[in-house]
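A short worksheet on the structure shown next.
Residue numbers (the numbering used here), protein chains in the order written: chain A, 44 to 371; chain B, 44 to 371.
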């Protein structure tokens, strides 16, 4: 297997591009893909500062690294969600990464600043923790960007993430979410622009980028998320990709080219109709409290242990065994 | 497990309805589901004769049976595709079914009437046989309906079929196909109305209906189709259904309620722009020959053996072994 670009021995193949690369050319390839995503979707204007949402995982650290390598003024934001040891490890990896390079890292500790954490929120709402976690992160990333004057927030969602979210939205025909699913959500009153520069990069490529660049990321996945539907959708898409390489990218980019426009109108209308939260002033479709402040109200002071996600519970307790598929 | 309707011991459960039925009540349930599909989608007007496309399989024989039980004037149409023993068996099952009941069956033998068959067409076009087969069936069902004065053609596509086709169309964002995917395609100049009254019924339920009603169908699947993408999509959806019963129906009916409208405009425009085939007079988007007449021209007289589908080839020849999934 030889590098497509220079002919030297390759260290990684990317089947959907029908290509293989040596380490140096792979790094070049990653930069080009990120440049292309930023250019094609007009993610960042010249001179704009970027706030990168970092978790200590491969995607967000690689994203921050790539944006800096491409000479963007990009700082990090870490949000401590209070998910036991997992949060401790993810914070340590993020802080070490930033310190080593002398890069600016903002930090928010939800429990310290808002009086609740994700295990408590999941307990209080009696719902899957991923909902509370996503809601809190979206709110706090946006707030931090506005507070610190970053016009753009960048997240590390990669091709695999976006395709899995799309599959979930399509399986339930969530037309509102389909209208909002895009690598760029434009700025609007009360909202910074949200961009996903890794949308052309697969999960496996991001791990390879980190290894090649010596980026020490946490491999551990969130224990509360293990076995959730999103991971199931990733498995489905990986199965299809294995059968026919490129099908994942065709699904996501086909949607962006030919599907999204059909649902975009709805999303615009929803944003136009927003009011203001009486607690924090954030845009909200509810006249009284935004979703984050409602969550905070319910979860404040609730003390609950880290509940393991469906798969982890199963593996630990042997309470449910995998059942063979029966048709229908 | 007790019958939801009468409390007697049940013989079948339908997990997405969270219900179980005894044999009599299951038959009643099937009739109600078909009545509801016909009513909700306005498939048939009072007094309209229906031409049922029958293959000898469970879905089409059960459909014909159900329509007759519901007092529709429904006759059958069998198309012999020349797929070796499989076609011989499917014809035998269909003719026996019709003869036993004294029901009217039209027959078309593609090789006898048009000088080609599906193995020859697959060989001549160097493409998967399912394309040539579907194209020929759509053309000939429509032609037969117009020739014999049936305003409505009914096919046995069930919930599993339609959901799998939808998944394929969505994975490639085939917006034209998405606009045409509906349980009713209205009549228009040169086209009979096409309806799918089994759209609310799962594959497993159709098999159970046949067993309970003593309908002798061919269990054998087409050897040329084994392992095609459509069957792969069914597996994917069965996996999701197993994890969360009802997700297949939510996917299909969510599309029909909230997705289809976004793509329907395109389909209407395409139909309006059709010309006429110079050979057979059928509507066609090509000014010269319709797709069926083009296929006939290429495949006429081509003699090719029945090629086994990808799975069968694999199982027989051990030429390719299953590979473990590598991420990305």
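Ideal placement from N, C-alpha and C gives every residue a C-beta, glycine not left out.
State buried or exposed for residue 191 of chain A, treating a residue as buried only when at least 16 other CB atoms are found within 10 Å of its CB. By 1-based counting over the first chain, the position of residue 191 of chain A is 148. Residue 191 of chain A is exposed by the Cβ-count criterion.
What would DSSP say about residue 322 of chain A, mapped onto helix, strand or coil? Locating residue 322 of chain A in the first chain gives position 279, where the first residue counts as 1. Correct three-state label for residue 322 of chain A: coil.
Run through chain A and tell me which residues come within less than 7 Å of residue 77 of chain B, C-beta to C-beta. Counting from 1 along the second chain, the entry for residue 77 of chain B is found at position 34. Per Cβ cutoff of 7 Å: no residues; residue 77 of chain B is ~17 Å from chain A at best.
Show which residues of chain B have a CB atom less than 7 Å away from the CB atom of residue 216 of chain A. Here residue 216 of chain A refers to the residue found at position 173 of the first chain. Result: 297, 298, 301 and 302.
Option nearest residue 125 of chain A by Cα separation, candidates A:142, A:119 and A:153: As a working mapping, residue 125 of chain A is identified with position 82 in the first chain. Ranking the options by Cα distance to residue 125 of chain A, first place goes to A:153.
When burial is assigned at 16 or more other CB atoms within 10 Å of the CB, is residue 175 of chain A buried or exposed? As a first step, residue 175 of chain A is located in the first chain; it is residue number 132 there, counting from the start. So residue 175 of chain A ends up on the buried side.
Considering only their Cβ atoms, is the gap separating residue 288 of chain B from residue 79 of chain B smaller than 8 Å? Taking the first residue of the second chain as position 1, residue 79 of chain B is located at position 36. Taking the first residue of the second chain as position 1, residue 288 of chain B is located at position 245. Contact flag unset, no.
For a cutoff of 8 Å on Cβ pairs, would you count residue 282 of chain A as touching chain B? As a first step, residue 282 of chain A must be located in the first chain, where it is residue number 239. Chain B contact via Cβ: present.
Mind the definition here: the region 269-276 of chain B touches the region 144-164 of chain B only if three or more C-beta pairs lie below 8 Å; say whether that holds. In this structure the region 269-276 of chain B does not touch the region 144-164 of chain B; the number of beta carbon pairs closer than 8 Å is below three.
Along the alpha helix (DSSP H) that carries residue 81 of chain A, what are the first and last residues, could you check? Position 38 of the first chain, counted from the start, is the residue given in the question as residue 81 of chain A. Residue 81 of chain A -> alpha helix (DSSP H) spans 66-83.
Own chain residues within Cβ distance below 7 Å of residue 369 of chain A, not counting five before or after: Residue numbering aside, residue 369 of chain A sits at position 326 when the first chain is read from its first letter. For residue 369 of chain A, the pLDDT reaches just 34, beneath the cut-off of 50, and the residue's location in the model is therefore unreliable, leaving the point undetermined.
Can you pull the chain A residues whose beta carbon is under 8 Å from the beta carbon of residue 352 of chain B, in chain order? Within the second chain, the letter at position 309 stands for residue 352 of chain B. Under the 8 Å cutoff, chain A gives no residues; its nearest Cβ is about 14 Å from residue 352 of chain B.
Give me the Cα-Cα distance between residue 363 of chain A and residue 179 of chain B, rounded to the nearest whole angstrom. Counted from its first residue, the first chain places residue 363 of chain A at position 320. Counted from its first residue, the second chain places residue 179 of chain B at position 136. The predicted model places residue 363 of chain A with a pLDDT of 34, which falls under 50 and marks its position as unreliable, so this point remains unresolved.
Hey, residue 235 of chain B and residue 195 of chain B are a contact pair by Cβ (cut 8 Å); roughly how many whole angstroms apart? The residue labelled residue 235 of chain B in the question sits at position 192 within the second chain. The residue labelled residue 195 of chain B in the question sits at position 152 within the second chain. Your pair residue 235 of chain B and residue 195 of chain B checks out as a contact, with CB atoms roughly 6 Å apart and the cut at 8 Å.
If residue 164 of chain B sits next to residue 338 of chain B, beta carbons under 8 Å apart, how far is it from one beta carbon to the other, in whole angstroms? As a first step, residue 164 of chain B is located in the second chain; it is residue number 121 there, counting from the start. As a first step, residue 338 of chain B is located in the second chain; it is residue number 295 there, counting from the start. Between residue 338 of chain B and residue 164 of chain B the Cβ distance is about 6 Å, and since that is below 8 Å, they are a contact.
Per the DSSP calculation, residue 327 of chain B is bridged to which residue(s)? Start at 1 with the first residue of the second chain, and residue 327 of chain B comes out as number 284. Per DSSP, B:318.
Minimum C-alpha distance to residue 300 of chain A - residue among B:263, B:218, B:145 and B:101: If you number the first chain from 1, residue 300 of chain A lands on position 257. It is B:218.
Under 7 Å by beta carbon: chain A residues contacting residue 286 of chain B: Along the second chain, one-based indexing puts residue 286 of chain B at 243. What residue 286 of chain B touches in chain A: 275.
Consult DSSP for residue 159 of chain B and reduce its assignment to one of helix, strand or coil. Taking the first residue of the second chain as 1, we reach residue 159 of chain B at position 116. If DSSP states are grouped into helix, strand and coil, residue 159 of chain B belongs with coil.
First through last residue of the beta strand (DSSP E) which encompasses residue 120 of chain A: Here the question's residue 120 of chain A lines up with position 77 in the first chain. First-last of the beta strand (DSSP E) with residue 120 of chain A: 117-123.
With H, G and I counted as helix, E and B as strand and the rest as coil, what does DSSP make of residue 307 of chain B? Mapped onto the second chain, residue 307 of chain B falls at position 264. If DSSP states are grouped into helix, strand and coil, residue 307 of chain B belongs with the helices.
Chain-ordered neighbours of residue 225 of chain A on chain B, where CB pairs are closer than 7 Å: Position 182 of the first chain holds residue 225 of chain A. Ordered by position in chain B, no residue passes the 7 Å Cβ test against residue 225 of chain A, which lies about 14 Å from the chain.
With distances taken Cα to Cα, identify the nearest neighbour of residue 101 of chain B among B:131, B:137, B:72 and B:268. Counting from one through the second chain, the residue named residue 101 of chain B turns up at place 58. Ranking B:131, B:137, B:72 and B:268 by Cα distance to residue 101 of chain B puts B:137 first.
Check each candidate in A:133, A:55, A:346 and A:350 and name the one with the smallest Cα separation from residue 159 of chain A. On the first chain, position 116 is the one that residue 159 of chain A refers to. Looking at the Cα atoms, A:346 is the closest of the given residues.
Give me the DSSP bridge partner(s) of residue 52 of chain A. Start at 1 with the first residue of the first chain, and residue 52 of chain A comes out as number 9. Note: residue 52 of chain A sits in a beta bridge opposite A:45.
If you draw a straight line from the C-alpha of residue 306 of chain A to the C-alpha of residue 221 of chain A, how long is it? Stepping through the first chain from its first residue, residue 306 of chain A is reached at position 263. Stepping through the first chain from its first residue, residue 221 of chain A is reached at position 178. For residue 306 of chain A and residue 221 of chain A, the distance between alpha carbons rounds to 6 Å.
Considering only residues of the same chain and omitting the five flanking positions on each side of residue 57 of chain B, which have a CB-CB separation below 8 Å? One-based indexing of the second chain puts residue 57 of chain B at position 14. Within the same chain, residue 57 of chain B has close Cβ partners 63, 64, 72, 245 and 248.
CB contact flag (residue 20 of chain A, residue 197 of chain A, <8 Å): Missing from the structure shown is residue 20 of chain A; chain A here goes from 44 to 371 and no further.
Can you grab the Cα-Cα spacing for the pair residue 285 of chain B / residue 291 of chain B, in whole Å? Position 242 of the second chain, counted from the start, is the residue given in the question as residue 285 of chain B. Position 248 of the second chain, counted from the start, is the residue given in the question as residue 291 of chain B. Whole-angstrom Cα-Cα distance: 10 Å.
Decide if residue 86 of chain A is buried, meaning its Cβ has at least 16 other Cβ atoms within 10 Å, or exposed. Numbered from 1 along the first chain, position 43 holds the residue referred to as residue 86 of chain A. Around the C-beta of residue 86 of chain A, 16 or more other C-beta atoms lie within 10 Å, and the residue is accordingly described as buried.
Examine chain A for any beta-carbon lying closer than 8 Å to the beta-carbon of residue 279 of chain B, and answer yes or no. Mapped onto the second chain, residue 279 of chain B falls at position 236. By this cut-off, residue 279 of chain B is an interface position.
What separation, rounded to the nearest whole angstrom, lies between the Cα atoms of residue 344 of chain A and residue 114 of chain A? On the first chain, position 301 is the one that residue 344 of chain A refers to. On the first chain, position 71 is the one that residue 114 of chain A refers to. The straight-line gap from Cα to Cα measures roughly 43 Å.
So residue 297 of chain A packs on residue 48 of chain B, CB below 8 Å; how close in whole Å? In the first chain, counting from the first residue as 1, residue 297 of chain A sits at position 254. In the second chain, counting from the first residue as 1, residue 48 of chain B sits at position 5. In fact, because the Cβ distance is near 44 Å, the residues do not count as touching under 8 Å.
Is residue 305 of chain A close to chain B? Criterion is C-beta to C-beta, closer than 8 Å. The count along the first chain starts at 1 and reaches residue 305 of chain A at position 262. True, the Cβ-Cβ gap to chain B drops below 8 Å.
Quick one: which chain A residues come within Cβ less than 7 Å of residue 294 of chain B? For the purposes of this step, residue 294 of chain B is identified with residue 251 of the second chain, where counting begins at 1. For residue 294 of chain B, the C-beta contacts it makes with chain A under 7 Å involve 214, in order along the chain.
I'd like to know if residue 103 of chain A contacts chain B, where contact means its C-beta is closer than 8 Å to some C-beta of that chain. Here residue 103 of chain A refers to the residue found at position 60 when the first chain is read from its first residue. No, because no Cβ of chain B sits closer than 8 Å to the Cβ of residue 103 of chain A.
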